[in-house]
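Last residue of the sequence shown: number 520 in the UniProt record's numbering, and the count goes up by one each step with no gaps.
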Amino acid sequence: MGVTKAEAVAGDGDGGKVVDDIEALADLRKEPAWKRFLSHIGPGFMVCLAYLDPGNMETDLQAGANHKYELLWVILIGLIFALIIQSLSANLGVVTGRHLAELCKTEYPVWVKTCLWLLAELAVIASDIPEVIGTGFAFNLLFHIPVWTGVLIAGSSTLLLLGLQRYGVRKLEVVVALLVFVMAGCFFVEMSIVKPPVNEVLQGLFIPRLSGPGATGDSIALLGALVMPHNLFLHSALVLSRNTPASAKGMKDACRFFLFESGIALFVALLVNIAIISVSGTVCNATNLSPEDAVKCSDLTLDSSSFLLRNVLGKSSATVYGVALLASGQSSTITGTYAGQYVMQGFLDIKMKQWLRNLMTRSIAIVPSLIVSIIGGSSGAGRLIVIASMILSFELPFALIPLLKFSSSSNKMGENKNSIYIVGFSWVLGFIIIGINVYFLSTKLVGWILHNALPTFANVLIGIVLFPLMLLYVAAVIYLTFRKDTVKFVSRRELQAGDDTEKAQVATGVADEDSKEPPV
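Laid out in structure tokens, this is it:
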């Protein structure tokens, strides 16, 4: 790492000469860039799991079944959007030395931060539901045990893996990265079995089209499933585990390294998503597909996909799918629980032992999945995944808007504030994502009201209740968007600069004689 000015002037030698040679000393002791980059690898692979979790897998499988390779370009654009948003989250943590939940706690009034905390906890629970249920489906497929038993095993195994935190976050990051590559390897094996035509896959990836029936709705569902609110809290916290120098160059290098590392991780996520869509697109659009399997393709779930692959490609293919689903569910539950820890610590500043916080976060998230899987079985668990995706779409603005506000605020970022062009583009991109999610949420709700089996008066009552709630939702988004920041943070760079100036003055003998500070 580069040396800071405070380190360079420590000691009582020739202060003037030391101050003059600070930059040369920093260059002399600086590690090679590739070594510093390697020390920043890890957070990106933790957050990329939000784009590979079982909920995304289910959306990908259905998109491939309905439209073959036509919507691959949506995944490409969505992950480019995700890279930009995730880089804002990482930069916020690097520059301020605080993560998003801590900044929200300090900035907003009590009633606002209480609502934001409850919504963030709800987002963690909602993101965990597809992950836990997906893991339960994987255990059911591989070991023929009930889904609810698999859900219990998923919760217990996650707590065991989170125990690796006591040996440092890097160990946990290595485990998660290995699970990501296991998942990638499994779907690449599936691709080698089905052999999708390369030219059609490339056309779907780079030529935007929305020609099929329902293509617009499915593309919105794909985009809506990508950006997860809990990921924004998680990324800004994970970058704090690195020892970033509080100098302008140190923070700039760290932001650049985290951007490159996130780009690599999200590129792996892109390849896996391409593989999932290509497999389901090839299998469900085969000319020799039986009528029974064609019906399954019209409504693919995490559970029915395994039976489809077994029928079409054989038992070994279903087993490979089960391993991929297990790796996806198990790794994403780790990051979901980890995000829950930071949300609780940041908003509430609760001091408790790490294992107890893990247990509390895990228990809160696992109870809904366990109850539904016991009562409703596989079909009930599948419906719960849809409800969870609607909750995440609802909650996204309450994490994304504070991130956009803080990352474009001079009160929070100081001299590292984003340029006017990046700020403008980020806000436009943010509201595109929010608009897509609100559209996805509203269409799901309207579709449910129009097609449910409830009597007319019950649907009228539901509409009467939902309408003021939607107005309240819009008002809350407007409030967060236009509220002026009131709390100014002294950034890590400003703190270091002030400390360096004072120490340099003492070392060169120009410090004020009346100063009460002892010489360095």
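By construction, the Cβ of each residue, glycine as well, lies at the ideal position given by its N, Cα and C atoms. Remember, predicted model here, so these are calculated numbers, not experimental data.
For the alpha helix (DSSP H) containing A286, list its first residue and its last residue. As a working mapping, residue 286 is identified with position 286 in the sequence shown. It is not in any alpha helix (DSSP H) - A286 carries neither H nor E in the DSSP assignment.
Label D303 either buried or exposed according to how many other C-beta atoms from any shown protein chain fall within 10 Å of its C-beta, with 16 as the threshold for buried. Here the question's residue 303 lines up with position 303 in the sequence shown. Burial call: buried.
Our contact map puts F37 next to F260 with C-beta atoms below 8 Å; I'd like the distance itself, whole angstroms only. Sequence index remark: in the sequence shown, residue 37 carries index 37 (1-based). Sequence index remark: in the sequence shown, residue 260 carries index 260 (1-based). Confirmed, about 7 Å.
If I'm right that A275 touches F187 with Cβ under 8 Å, what's the distance once you round it to whole angstroms? Locating residue 275 in the sequence shown gives position 275, counting from the first residue. Locating residue 187 in the sequence shown gives position 187, counting from the first residue. Right, the Cβ-Cβ distance comes to about 4 Å (below 8 Å), so this counts as a contact.
Pick helix, strand or coil for P130, following the three-state DSSP scheme. What you label residue 130 is simply residue 130 of the sequence shown in a count that begins at 1. Here P130 sits in helix by DSSP.
Would DSSP call P229 helix, strand or coil? Translated into the one-based positions of the sequence shown, residue 229 becomes position 229. Helix.
Fully enclosed by the segment 44-105, which alpha helix (DSSP H) runs are 4 residues long or longer? Annotation: the segment 44-105 contains the following complete segments of the alpha helix (DSSP H) (minimum length 4 residues), in chain order: 54-67 and 72-96.
Run through DSSP, which three-state label would N411 get? In the sequence shown, the residue the question calls residue 411 occupies position 411. Correct three-state label for N411: helix.
Return yes when at least one heavy atom of the ligand FAD lies under 7 Å from the C-beta of F406, else no. As presented, the structure is devoid of all ligands, the ligand FAD included, so that no description of it is given.
Please classify K412 as buried or exposed, where buried requires at least 16 other C-beta atoms within 10 Å of its C-beta. What you label residue 412 is simply residue 412 of the sequence shown in a count that begins at 1. Buried.
Can you find at least 3 beta carbon pairs, one from the segment 312-323 and one from the segment 122-135, that sit closer than 8 Å? no
For the alpha helix (DSSP H) that contains E200, what are its first and last residues? Residue numbering aside, residue 200 sits at position 200 when the sequence shown is read from its first letter. Where E200 is concerned, the enclosing alpha helix (DSSP H) stretches over V198 to F206.
C-alpha distance - F270 paired with F206, whole-angstrom precision: Against the sequence shown, residue 270 aligns to sequence position 270. Against the sequence shown, residue 206 aligns to sequence position 206. Checking the displayed sequence, the identity of residue 270 turns out to be Leu instead of Phe. If I take the Cα positions, the gap works out to 13 Å.
Do S407 and L92 count as a contact pair if the criterion is CB distance below 8 Å? Against the sequence shown, residue 92 aligns to sequence position 92. Against the sequence shown, residue 407 aligns to sequence position 407. Yes; because the gap between Cβ atoms is below 8 Å, this pair is in contact.
Measuring only the C-alpha atoms, how far is L326 from S410? Start at 1 with the first residue of the sequence shown, and residue 326 comes out as number 326. Start at 1 with the first residue of the sequence shown, and residue 410 comes out as number 410. Their Cα atoms are separated by approximately 44 Å.
Quick one: complete alpha helix (DSSP H) runs, 4+ long, within the segment 463-493? Fully enclosed alpha helix (DSSP H) runs of 4 or longer: not present.
If you check the beta carbons only, do V239 and A453 fall under 8 Å apart? Locating residue 239 in the sequence shown gives position 239, where the first residue counts as 1. Locating residue 453 in the sequence shown gives position 453, where the first residue counts as 1. Going by C-beta atoms, V239 is not nearer than 8 Å to A453.
Tell me where the alpha helix (DSSP H) around D293 begins and ends. For this step, residue 293 is matched to residue 293 along the sequence shown. D293 -> alpha helix (DSSP H) spans P291 to S298.
When the Cα of S219 is compared with those of L466, Y439 and T244, which residue comes out closest? Stepping through the sequence shown from its first residue, residue 219 is reached at position 219. Of the listed residues, the one whose Cα sits closest to S219 is Y439.
Please report the Cβ distance between E107 and V343, rounded to the nearest whole angstrom; I am assuming they are in contact, meaning their Cβ atoms lie under 8 Å. Locating residue 107 in the sequence shown gives position 107, where the first residue counts as 1. Locating residue 343 in the sequence shown gives position 343, where the first residue counts as 1. The C-beta distance from E107 to V343 rounds to 15 Å, too long to fall under 8 Å, and the pair is not in contact.
Could you compute how far the alpha carbon of T486 sits from the alpha carbon of K113? Position 486 of the sequence shown, counted from the first residue, corresponds to residue 486. Position 113 of the sequence shown, counted from the first residue, corresponds to residue 113. Going by the C-alpha atoms only, they are around 14 Å apart.
Straight-line Cα distance separating G204 from L450: Residue 450 sits at position 450 when you count from the first residue of the sequence shown. Residue 204 sits at position 204 when you count from the first residue of the sequence shown. Cα-Cα distance, rounded: 33 Å.
Exposed or buried, L369, counting other C-beta atoms within 10 Å across all chains shown (16 or more means buried)? Numbered from 1 along the sequence shown, position 369 holds the residue referred to as residue 369. Just to set this straight, residue 369 is Ser in the shown sequence, not Leu. Answer is buried; the Cβ neighbour count reaches 16.
Counting Cβ pairs, one atom from each stretch, are 3 or more of them under 8 Å apart for the segment 53-61 and the segment 252-266? Using a Cβ-Cβ distance cut-off of 8 Å, the segment 53-61 and the segment 252-266 are not in contact, since fewer than three pairs of beta carbons, one from each stretch, lie closer than that value.
W73 to P208, Cα distance in whole Å? Numbered from its first residue, the sequence shown carries residue 73 at position 73. Numbered from its first residue, the sequence shown carries residue 208 at position 208. Going from the Cα of W73 to the Cα of P208 covers about 6 Å.
Would you report the Cα separation of N418 and V94, rounded to the nearest angstrom? One-based indexing of the sequence shown puts residue 418 at position 418. One-based indexing of the sequence shown puts residue 94 at position 94. Just so you know, the alpha carbons of N418 and V94 end up roughly 13 Å apart.
Which residue's Cα is closest to the Cα of G435: D60, L400, T335 and V465? As a position in the sequence shown, residue 435 is number 435, starting the count at 1. The residue with the shortest Cα to Cα distance from G435 is L400.
Looking at C-alpha atoms only, which residue of K405, E292, S331 and P245 is the closest neighbour of C104? Counting from 1 along the sequence shown, the entry for residue 104 is found at position 104. Per the Cα distances, K405.
Quick check: what's the CA-CA separation for G463 versus V386? Along the sequence shown, read from residue 1 onward, the residue named residue 463 stands at position 463. Along the sequence shown, read from residue 1 onward, the residue named residue 386 stands at position 386. Computed Cα separation, rounded: 20 Å.
Could you check whether L71 and L222 sit closer than 8 Å to each other, using their CB atoms as the reference points? Stepping through the sequence shown from its first residue, residue 222 is reached at position 222. Stepping through the sequence shown from its first residue, residue 71 is reached at position 71. L222 places its beta carbon less than 8 Å from that of L71.
Collapsed DSSP secondary structure at Y108 in the structure displayed: As a position in the sequence shown, residue 108 is number 108, starting the count at 1. Reduced to three states, the DSSP call for Y108 is coil.
Mapping DSSP to helix, strand and coil, what is P402? Against the sequence shown, residue 402 aligns to sequence position 402. Residue state, collapsed to three classes: helix.
Taking Cβ to Cβ, would you say W111 is nearer than 8 Å to F347? In the sequence shown, the residue the question calls residue 111 occupies position 111. In the sequence shown, the residue the question calls residue 347 occupies position 347. Not closer than 8 Å, so no.
Pull up the CB-CB distance for V198 and M46, whole angstroms please, since I reckon it's below 8 Å. If you number the sequence shown from 1, residue 198 lands on position 198. If you number the sequence shown from 1, residue 46 lands on position 46. Actually they are not in contact, since the Cβ atoms of V198 and M46 sit about 32 Å apart, beyond 8 Å.
Delimiting residues of the alpha helix (DSSP H) encompassing G346: The sequence position of residue 346 within the sequence shown is 346, counting from 1. Where G346 is concerned, the enclosing alpha helix (DSSP H) stretches over K315 to L348.
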